[in-house]
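Peer 1: Mapping of the sequence shown onto this note's numbering: position 60 corresponds to residue 866, and the numbering continues sequentially without gaps.
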Amino acid sequence: MRLLLVEDDRNLRGFLRKAFREEGYAVDTAESGDQAVERALTGEYHCVVLDVMLPGRDGFAVVEELRRRSVATPILLLTARDELESRVRGLEGGADDYLTKPFDLPELVARVLALIRRSHLRHQDT
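1) Report back the beta-carbon spacing between I881 and D902 to the nearest angstrom; my notes put them in contact at under 8 Å.
2) Nearest by alpha-carbon distance to M859: which of D840, E844 and G849 is it?
3) So, L905 versus L897, is the Cβ gap smaller than 8 Å?
4) Do the segment 807-818 and the segment 842-855 touch if we need at least three Cβ pairs shorter than 8 Å?
5) Going residue by residue through the segment 819-901, where are the continuous beta strand (DSSP E) segments of at least 3 residues, counting only ones entirely within it?
6) List the endpoints of the continuous beta strand (DSSP E) containing D815.
7) Just to confirm, are E829 and L822 a CB contact at a threshold of 8 Å?
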């Protein structure tokens, strides 16, 4: 399975890339909203793990752009923004899940797997 991990914090990006690789995922990374859109449009991913506070366009704008361009890949927003308004905005904007920082790694991995599983089941039904 292949993930796109979008995180501008270098240390966290490296930690998550390593953790997901240890779980058996192939992981591509991006550091900005513009890179995220470019990679998501040109690559094939099973899931996108996306920070909200990014250089360039923020994660909300990335989600909206990808959905506008009919990218159906599941998107999990992973962010320090824990306000109700942010969570609602992200989910209503097209994200499939929203997890706040700090987070527990096993929960993040489980959520990603659940998104991929649900996406796979939806594709089988069509």
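All residues carry an ideal CB built from backbone N, CA and C; glycine is no exception.
Peer 2: The relevant details are as follows:
1) Counting from one through the sequence shown, the residue named residue 881 turns up at place 75. Counting from one through the sequence shown, the residue named residue 902 turns up at place 96. A Cβ-Cβ distance of about 6 Å is found for the pair I881 and D902, placing them in contact under the 8 Å criterion.
2) Start at 1 with the first residue of the sequence shown, and residue 859 comes out as number 53. When each option's Cα is compared against that of M859, the closest is D840.
3) Your numbering for residue 905 matches position 99 in the sequence shown. Your numbering for residue 897 matches position 91 in the sequence shown. Cβ atoms of L905 and L897: not closer than 8 Å.
4) Touching, yes, given that three or more Cβ pairs across the two stretches are closer than 8 Å.
5) 832-836, 853-856 and 881-885
6) Taking the first residue of the sequence shown as 1, we reach residue 815 at position 9. Careful: D815 lies outside any beta strand (DSSP E) and carries neither H nor E.
7) Reading the sequence shown from its first residue, position 23 is the one you call residue 829. Reading the sequence shown from its first residue, position 16 is the one you call residue 822. Taking the C-beta atoms as reference points, L822 is found no nearer than 8 Å to E829.
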